[in-house]
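Below: one structure, written as C-alpha cells.
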Amino acid sequence: MPEKFDVIVVGAGPAGTSCAYTCAKNGLKVLLIERGEFPGAKNVMGGILYRKQMEEIIPEFWKEAPLERPVVEQRFWFLDKESMVTTSYKALEWGKEPFNNFTVLRAKFDKWFASKAVEQGAVLINETVVLECIVEDGKVVGVRTDRPDGDVYADVVVLADGVNSLLAKSLGFHKEWKPEEVALTVMEVMKLPKKVINERFNVNDDQGVSVEIFGDSTKGALGTAFLYTNKDSLNIGVGTTLSGMIKKKMKPYELLEYVKEHPMIKPYIDGAETEEYLAHLIPEGGYNSVPKLVGDGVIVTGDAAQLVNAIHREGSNMAMTSGRLAAETIMRAKESEDYSERTLDYYRTAIYDSFIGKDLKKYKDATHVFEENPQYFEQYIPLMNRAMGTFFTVDGTPKREKQSKIIKSFTGKNGRLGVAKDLYRAWRVVK
Amino acid sequence: MSLESISEGRGKKLNILVCVKQVPDTKIIKVNPKTNTLDRSSAPAILNPYDAHAVQEAVRLKEIHGGKVTVLSMGPPQAKEAIKKCVEIGADEGFLISDRRFAGADTLATSYALYKAVQKLMKQDGGIDLILCGKHAIDGDTGQTGPGIARRLLIPPLTNVIKVAEVNLEDRKIQVHRKIEDGYELIESAIPCLLTVEKEINEVEYSPLPNMLKAARYTPIVWTVDDLEDVDIKQLGLKGSPTIVGKMWPPAKSEGAQILAGDSREQVREAVSIMLQQRELFKVKGGERV
Ligand SMILES: Cc1cc2nc3c(=O)[nH]c(=O)nc-3n(C[C@H](O)[C@H](O)[C@H](O)COP(=O)(O)OP(=O)(O)OC[C@H]3O[C@@H](n4cnc5c(N)ncnc54)[C@H](O)[C@@H]3O)c2cc1C
Ligand SMILES: Cc1cc2nc3c(=O)[nH]c(=O)nc-3n(C[C@H](O)[C@H](O)[C@H](O)COP(=O)(O)OP(=O)(O)OC[C@H]3O[C@@H](n4cnc5c(N)ncnc54)[C@H](O)[C@@H]3O)c2cc1C
Numbered sequence: 000m001p002e003k004f005d006v007i008v009v010g011a012g013p014a015g016t017s018c019a020y021t022c023a024k025n026g027l028k029v030l031l032i033e034r035g036e037f038p039g040a041k042n043v044m045g046g047i048l049y050r051k052q053m054e055e056i057i058p059e060f061w062k063e064a065p066l067e068r069p070v071v072e073q074r075f076w077f078l079d080k081e082s083m084v085t086t087s088y089k090a091l092e093w094g095k096e097p098f099n100n101f102t103v104l105r106a107k108f109d110k111w112f113a114s115k116a117v118e119q120g121a122v123l124i125n126e127t128v129v130l131e132c133i134v135e136d137g138k139v140v141g142v143r144t145d146r147p148d149g150d151v152y153a154d155v156v157v158l159a160d161g162v163n164s165l166l167a168k169s170l171g172f173h174k175e176w177k178p179e180e181v182a183l184t185v186m187e188v189m190k191l192p193k194k195v196i197n198e199r200f201n202v203n204d205d206q207g208v209s210v211e212i213f214g215d216s217t218k219g220a221l222g223t224a225f226l227y228t229n230k231d232s233l234n235i236g237v238g239t240t241l242s243g244m245i246k247k248k249m250k251p252y253e254l255l256e257y258v259k260e261h262p263m264i265k266p267y268i269d270g271a272e273t274e275e276y277l278a279h280l281i282p283e284g285g286y287n288s289v290p291k292l293v294g295d296g297v298i299v300t301g302d303a304a305q306l307v308n309a310i311h312r313e314g315s316n317m318a319m320t321s322g323r324l325a326a327e328t329i330m331r332a333k334e335s336e337d338y339s340e341r342t343l344d345y346y347r348t349a350i351y352d353s354f355i356g357k358d359l360k361k362y363k364d365a366t367h368v369f370e371e372n373p374q375y376f377e378q379y380i381p382l383m384n385r386a387m388g389t390f391f392t393v394d395g396t397p398k399r400e401k402q403s404k405i406i407k408s409f410t411g412k413n414g415r416l417g418v419a420k421d422l423y424r425a426w427r428v429v430k
Numbered sequence: 000m001s002l003e004s005i006s007e008g009r010g011k012k013l014n015i016l017v018c019v020k021q022v023p024d025t026k027i028i029k030v031n032p033k034t035n036t037l038d039r040s041s042a043p044a045i046l047n048p049y050d051a052h053a054v055q056e057a058v059r060l061k062e063i064h065g066g067k068v069t070v071l072s073m074g075p076p077q078a079k080e081a082i083k084k085c086v087e088i089g090a091d092e093g094f095l096i097s098d099r100r101f102a103g104a105d106t107l108a109t110s111y112a113l114y115k116a117v118q119k120l121m122k123q124d125g126g127i128d129l130i131l132c133g134k135h136a137i138d139g140d141t142g143q144t145g146p147g148i149a150r151r152l153l154i155p156p157l158t159n160v161i162k163v164a165e166v167n168l169e170d171r172k173i174q175v176h177r178k179i180e181d182g183y184e185l186i187e188s189a190i191p192c193l194l195t196v197e198k199e200i201n202e203v204e205y206s207p208l209p210n211m212l213k214a215a216r217y218t219p220i221v222w223t224v225d226d227l228e229d230v231d232i233k234q235l236g237l238k239g240s241p242t243i244v245g246k247m248w249p250p251a252k253s254e255g256a257q258i259l260a261g262d263s264r265e266q267v268r269e270a271v272s273i274m275l276q277q278r279e280l281f282k283v284k285g286g287e288r289v
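If you read the sequences in order, they're chains A and B.
Okay, so the first sequence: first residue is 0 according to numbering that gives the first Met the number 0, each after it adds one.
Okay, so the second sequence: first residue is 0 according to numbering that gives the first Met the number 0, each after it adds one.
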C-alpha cells in the first residue's frame, strides 16, 4: 500500500522548503521530494537573500544559517564601452541586526534550510524525480516518482518545482513559457581571497556589496549583469530575456565572457578563479504571466507560479512567502478536511493581497514595455554616459553650451517629443 | 567465542551483517600540495562504492532466503548518512560505532573495533550467518579490514567474490565465485564466513520509494566504546595502530599513452608493431638488437 501524507511538496528550493517547514512545524505529515543529490545541489541564484521574508519563517535565522555577507551597499552601474555612470547607496545599519539582505550560496543555504524542515518533522527524500501528479476524478491525490513502487499520496500536493514547472504545465495550468516570459541567466562563482575582496569593494569581513550592471553588460538587450561579494568568492552573472538573446543572436556564455572582459568590470575579478559555472532561467513574465495557482488538491508556488519581480531581482523572497501562504492555506483546509479548489482558493487571494501581488501588479507592464522599446537599454545608457563625459570633460567649452549639446544629443534622433514620451512611458511602468 | 556456536540451531533464515565505510569521494578529492595529505573537506562523503554492492548482495540473498540485513560502520557521527544510504538499498537496521577513542585507527585497530561490535551484535540478534565487506575502501585501499575481522572471529575470509552461487542453510554451506587473474574459481565454505565483494557481483539498483521513505525517517543506532564489552582500550584508535604513514604523494601522471582500437587481435598486432619500433625495448645486454 502506498503511503499517504497530509502534504507532498515537490522541490526543495525556497518555496518548497518554506512550505514544508511551516506545515511540519504545525504538525502536518509532510513529504518533501527533491530531484537533486541534495537540496540546492543545482539551484542557482545571483545570491541576494532577503531577511524579512525568511525571518517570517525562521526568526533570527542569521544566527545559524550559512550566509555569506550582509549587504551594506547596493551599487548600480550604467555601462558604456569605456565609461559608466554609477549610483549607490551604502548604509552601515544594514550590516547590523536585523540586517536587510545577505549574499548566499544556494547549494549551502538550501541544504541547511531543508535540514531545518526535517528537524520540524518533514520527511525529505533526495535524488527522486516527480514525473507527474496522480489525478483521480479531476482531483490531484498524489504524485508518481521515477522510483520503483514510486506512487505516494497526499491530501494536497504543492508544486514548488521551479521555473519550468513541467508538473503545473502537465495539469494544464500554463503553456510553455514564451521567450519574452523568461530570462536566460548564466553565472560563475569565482574564488578570490577575502582580503582582496575587502580591498576592492571597500568593506570589511562582515560587509557585502551588490552591484547591478545595466547597458553594455547585455550589449543593450533587456537584462542585467550582477556582481555580488561572498565571503571568499564573487558571484558574477548576466542574463537577458530569452527573446533578447535570440534577437541579438547572443550566446549566454559568450555574453558572460564579454562581461568578464569588460574594462570596467575586469579589475574587480582580476585573478579570481572560476569554481562553478551555472545556468538557469528566471521567470520574468510578471503579473500577466502568473498561471492558474490552485486546483483541486494542488497549489503552485514560487518560480513555478512566475512569482518574480524582475525589476528588483526579488524571487527567493516571493518564493518563500508563497510557500508559507500555501502552508497556511493547507492548515485552514485541514480544519474542514476540504481540499477542493474552492477552499484552496484562499491561497490565491492571499498572494494577491500580499506584497507579491501588489509588486507584480505595479510592474506588470515593465518587462513588456522595455522589451518593445529597446531604446532604453540600447540608446539612453550610452547617451547618459556621453552626457556625463561631455559635462565633466574640461575642454574650455562653456557649461551652458555643453548643456544644450547634451540636450540635443538626447533629442536629436527621437525629437523632443520622443524623449518626453519615453520618459513618461518609463515613469508609468515603474511608478 | 566463535560465531558457529551462536548461529547453530537457528532457523532457516539468513542473517547478514554488512560492514560499510563512509569515504571521501576520491573521484573529486584534492591533495593538499603542501602537506601531501588528502583534503577531506574538498570532497563529499559517500558510501564506499564496494560496500553498496555488498549491501545490495545482502538484500538479494535476504529476498531469497529470508532473514535480516544489518549494517555496521565505524566512523564519525556524519557516517550515519552512509548507513541511511544502506537502508535506501534495503538494509533493515544500522549501527554506528563512534567515539573519539576509535579515531586514528589503522586496519588492525579498525578490525578490532568492528570485531568487538560484531560480537555484541551476534548476541543481540541471536546470530549472524554471513558477514559481507567491500573488496576495499576507495580511500584507504588496503582491503585488510574484512580479513582482519574474519581472523579475529575465527571464520573463513573469502575475498574478491564476484558471485554467490549458492547458500545452503540446511548444510550450512556457501558456494561463491572468486575472481582470480584470468577467470574465477568456485569455492565452497562453511558458514558463518566473511565475504569481500567485487563490483561485478551485482548492479546496485535504483532504490524503491518505500525504502527511500524508510531511510529518510531512520536513525541509526550509535554505540560508543562503553557500549561494547570486554574492550582492550590499548588496541583501539591511534594507540592500537602500528601502521606508520611515511609519506603520501599523488602518483606522477604518465604521458604519451595511446589507446588502441579494434578487436583484441588487431590490438595485439598494433601493440607489437609499436613495441618493435621502440628500439630499446628489445635490446639484449650487450646492446645487440634481438
Ligand atoms: C542567475 C539568477 C540570479 C537570481 N538572483 C536572485 C537574487 O539575487 N535574489 C532573489 O531573491 N532571487 C534571485 N533569483 C530568482 C530565484 O533564484 C528564484 O526566484 C527562486 O530560486 C525560486 O525558488 P523556487 O523554490 O520557486 O524554485 P527553485 O529554487 O528553482 O527550486 C525548485 C526545486 O525543485 C526541484 N525540482 C524541480 N523539478 C522537480 C521534480 N520534477 N521532482 C523533484 N524535484 C524537482 C529542483 O531541483 C529545485 O530544487 C535569481 C535567479 C537566477 C537564475
Ligand atoms: C596509508 C594510510 C594512512 C592512513 N592514515 C590514517 C590516519 O592517519 N588516521 C585515520 O584515522 N585513518 C587513517 N587511515 C585509515 C584507516 O587505516 C582505514 O580507513 C581503516 O583502517 C580501514 O582500512 P581501509 O580504508 O584500507 O579499508 P579496507 O580494508 O580497504 O576496507 C575493506 C572493507 O572493510 C570494511 N571497512 C573498512 N573500514 C570500515 C569502517 N570504518 N567501518 C566499517 N567497515 C569498514 C568495508 O566493508 C570495506 O569495504 C589510513 C589508511 C591508510 C591506508
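All C-beta atoms in this analysis are idealised placements derived from N, C-alpha and C, irrespective of residue type, glycine included.
Taking 9 Å as the cut-off, decide whether the C-beta atoms of residue i and residue j are in contact.
i      : j      : result
A/D5   : A/C18  : no
B/V139 : B/T195 : It should be pointed out that residue 139 of chain B corresponds to Gly in this sequence rather than to Val. In this structure, B/T195 does not lie closer than 9 Å to B/G139 by Cβ.
A/V162 : A/T240 : no
B/L107 : B/A149 : no
A/A318 : A/I298 : no
A/I7   : A/V29  : yes
A/K110 : A/F37  : yes
A/T102 : A/K190 : no
A/I263 : A/M83  : In the sequence under discussion, the amino acid at residue 263 of chain A is Met, which differs from the Ile named in the question. For A/M263 and A/M83, yes; Cβs fall inside 9 Å.
So with Cβ pairs under 9 Å, would you call residue i a contact of chain B?
i      : result
A/V151 : yes
A/V8   : no
A/T127 : yes
A/L30  : yes
A/D148 : yes
A/P381 : no
A/E2   : yes
A/V157 : no
A/A19  : no
A/T144 : yes
A/I124 : yes
DSSP three-state call for residue i: helix, strand or coil?
i      : result
A/M44  : coil
B/S6   : Unreliable positioning characterises B/S6 in this predicted model, as indicated by a pLDDT of 48, which lies under 50. A coordinate reading is not provided.
B/M0   : In this prediction, B/M0 scores a pLDDT of 44, lower than 50, which makes its location untrustworthy; the coordinate-derived value is nonetheless stated afterwards. B/M0 falls in the coil class under three-state DSSP.
A/G236 : strand
B/L290 : Nothing in the structure corresponds to residue 290 of chain B, since chain B is present only between 0 and 289.
A/L221 : coil
B/I33  : A small correction: the amino acid at residue 33 of chain B is Lys; Ile does not occupy that position in the sequence shown. Looking at B/K33 - three-state DSSP - the assignment turns out to be coil, as it is neither helix nor strand.
A/S288 : helix
B/E197 : coil
B/V289 : Summary for B/V289: the model assigns pLDDT 44, below 50, so the residue's position carries little reliability; its value from the coordinates is reported in the next sentence. Correct three-state label for B/V289: coil.
A/F213 : strand
A/L416 : helix
A/S164 : coil
I'd like to confirm something about residue i: is its beta-carbon nearer than 8 Å to some heavy atom of ligand 1, or not?
i      : result
A/A11  : yes
A/T366 : no
A/M186 : yes
Tell me, please, whether the CB atom of residue i is closer than 9 Å to any CB atom in chain A?
i      : result
B/R39  : no
B/P219 : no
For a test of your reading of the model: does the CB of residue i fall under 8 Å from any non-hydrogen atom of ligand 2? Yes or no.
i      : result
A/T328 : no
A/D205 : no
B/H135 : yes
Return yes when at least one heavy atom of ligand 4 lies under 8 Å from the C-beta of residue i, else no.
i      : result
B/Q277 : As presented, the structure is devoid of ligand 4, carrying ligand 1 and ligand 2 as its sole ligands.
Mind pulling the alpha helix (DSSP H) runs of 4 or more residues that sit fully within the segment 330-373 of chain A?
340-352, 354-361 and 365-371
The segment 198-219 of chain B: which residues have C-beta closer than 7 Å to a C-beta of chain D, in chain order?
In the structure shown, chain D does not exist; the protein chains are A and B.
Output the residue ranges of the alpha helix (DSSP H) runs that lie fully inside the segment 197-269 of chain B and measure 4 residues or longer, sorted by chain position.
208-216
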